[in-house]
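K.L.:
Mind having a look at this structure? Questions to follow.
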Ligand code: SAM
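So, in structure tokens, the structure goes:
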């Protein structure tokens, strides 16, 4: 198979299959070998690894991943790309393409069915995602407890910056806290628009999320934690004593007591709290709310 990352190859395949790029499916295909390598090498794929690729397109990342991994399962929603993938991946016997919507796919089931019993250390998820599904797919994988080592994906630059942001910065928000609860984050590279065909309007970044098998913080109740984070950032300009009133069923008294018990000044704002502070605050809120509800 000719170099899939060459714009001329993409054009030839496109014309011979009468394929049309779909804007609504976020089809901006990679035509830069360095960036393909950044994703595959950034994910640290090795010969023992089982890889799930989201949105293979014409298979440009799939091929490079398959040359390094034991097996690759690629989930592609667009059925018009399936005959193309059959052609571009024909010489590889360790790739399985599944024509499905990743958001409706049970990723745990794919791992169970195709990974040959790999432990999470050897399961890696990669992709150049359509930007509109970045957050839902990341949160789905993390919340479903998919037994994977890492997720290395291309996304909109601004979203990568928000996920990777540190407390006290303008980008730090509920998405940063939600993802950092599960993962360590690392920006691999920023990607110029010229690396894609057709070129997207927004800048892109490859981000790696290393899923921690052991959480950094102990939560008494995950729901209370996410409710506190959501309420805090829902009104990010307000002090915590005000913004936490957005937590369902909470009272001024519970807010005051919880902040005090967690050792957090009531005049601070959500954007200044790190993961540990959010966790201890949420635990104090949970204890008081469940006592109140048990009355
Ligand atoms: N990986 C290819 C590349 O880098 O050239 C294609 C990347 S393109 C940005 C995104 C791909 O995801 C497209 O092939 C698109 O059809 C596919 N896609 C979009 N939504 C999807 C979904 N919900 N489930 C699976 N694949 C999807």
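Residue numbers (my numbering): 259 to 553.
Glycine is no exception: its CB is placed at the ideal position from the N, C-alpha and C atoms.
Fair warning: this is a prediction, and the values are worked out from it, not measured in the lab.
Looking at ligand 1, does it come within less than 7 Å of residue 469, judged from the CB to the closest heavy atom?
P.N.:
For the purposes of this step, residue 469 is taken as residue 211 along the chain shown, with counting starting at 1. Not so, every heavy atom of ligand 1 lies at least 7 Å from the Cβ.
K.L.:
In chain order, what are the residue ranges of uninterrupted beta strand (DSSP E) at least 3 long that sit wholly in the stretch 359-395?
P.N.:
Entirely contained in the stretch 359-395, the beta strand (DSSP E) runs reaching 3 residues are, in chain order, 381-386.
K.L.:
What did DSSP end up calling residue 462 once you bin it into helix, strand or coil?
P.N.:
One-based indexing of the chain shown puts residue 462 at position 204. Three-state DSSP puts residue 462 in a strand.
K.L.:
Are the stretch 400-410 and the stretch 329-337 touching, with three or more C-beta to C-beta distances below 8 Å?
P.N.:
With the cut-off at 8 Å, the stretch 400-410 and the stretch 329-337 do not touch.
K.L.:
Where DSSP assigns a beta bridge to residue 357, which residues make up the other side?
P.N.:
As a first step, residue 357 is located in the chain shown; it is residue number 99 there, counting from the start. Answer is 334.
K.L.:
Could you please give the first and the last residue of the uninterrupted beta strand (DSSP E) stretch that includes residue 408?
P.N.:
The residue you call residue 408 lines up with position 150 of the chain shown. 408-414 is the extent of the beta strand (DSSP E) around residue 408.
K.L.:
In angstroms with no decimal places, state the Cα-to-Cα distance between residue 426 and residue 536.
P.N.:
In the chain shown, the residue the question calls residue 426 occupies position 168. In the chain shown, the residue the question calls residue 536 occupies position 278. Each residue's alpha carbon lies about 13 Å from the other.
K.L.:
Regarding residue 409 and ligand 1, is the C-beta to nearest heavy atom distance less than 7 Å?
P.N.:
Locating residue 409 in the chain shown gives position 151, counting from the first residue. No, ligand 1 has no heavy atom inside 7 Å of this Cβ.
K.L.:
Shortest alpha-carbon distance to residue 345 belongs to which of 455, 271, 428?
P.N.:
By one-based count along the chain shown, residue 345 stands at place 87. Nearest C-alpha to residue 345: 271.
K.L.:
Out of 379, 439, 274, 531, which one is the CA nearest neighbour of residue 397?
P.N.:
Mapped onto the chain shown, residue 397 falls at position 139. Taking only the C-alpha atoms, the option nearest residue 397 is 439.
K.L.:
Along the chain, where does the alpha helix (DSSP H) that runs through residue 346 open and close?
P.N.:
Counted from its first residue, the chain shown places residue 346 at position 88. Unbroken alpha helix (DSSP H) run through residue 346: 340-346.
K.L.:
How would you call residue 265, buried or exposed, if buried means at least 16 neighbouring beta carbons within 10 angstroms?
P.N.:
If you number the chain shown from 1, residue 265 lands on position 7. Exposed, because fewer than 16 other Cβ atoms sit within 10 Å of the Cβ of residue 265.
K.L.:
If you draw a straight line from the alpha carbon of residue 294 to that of residue 507, how long is it in whole angstroms?
P.N.:
Indexing the chain shown from 1 puts residue 294 at position 36. Indexing the chain shown from 1 puts residue 507 at position 249. Taking the straight line joining both Cα atoms gives about 49 Å.
K.L.:
Please name the residue in 541, 458, 353, 442 whose C-alpha comes closest to that of residue 474.
P.N.:
Numbered from 1 along the chain shown, position 216 holds the residue referred to as residue 474. Out of 541, 458, 353, 442, 442 has the C-alpha closest to the C-alpha of residue 474.
K.L.:
Do you know whose CA, among 349, 463, 350, 379, lies nearest residue 306's CA?
P.N.:
Start at 1 with the first residue of the chain shown, and residue 306 comes out as number 48. Among 349, 463, 350, 379, the Cα nearest to that of residue 306 is on 379.
K.L.:
Please state whether DSSP places residue 316 in a helix, a strand or coil.
P.N.:
In the chain shown, residue 316 corresponds to position 58, counting from 1. Coil, per DSSP.
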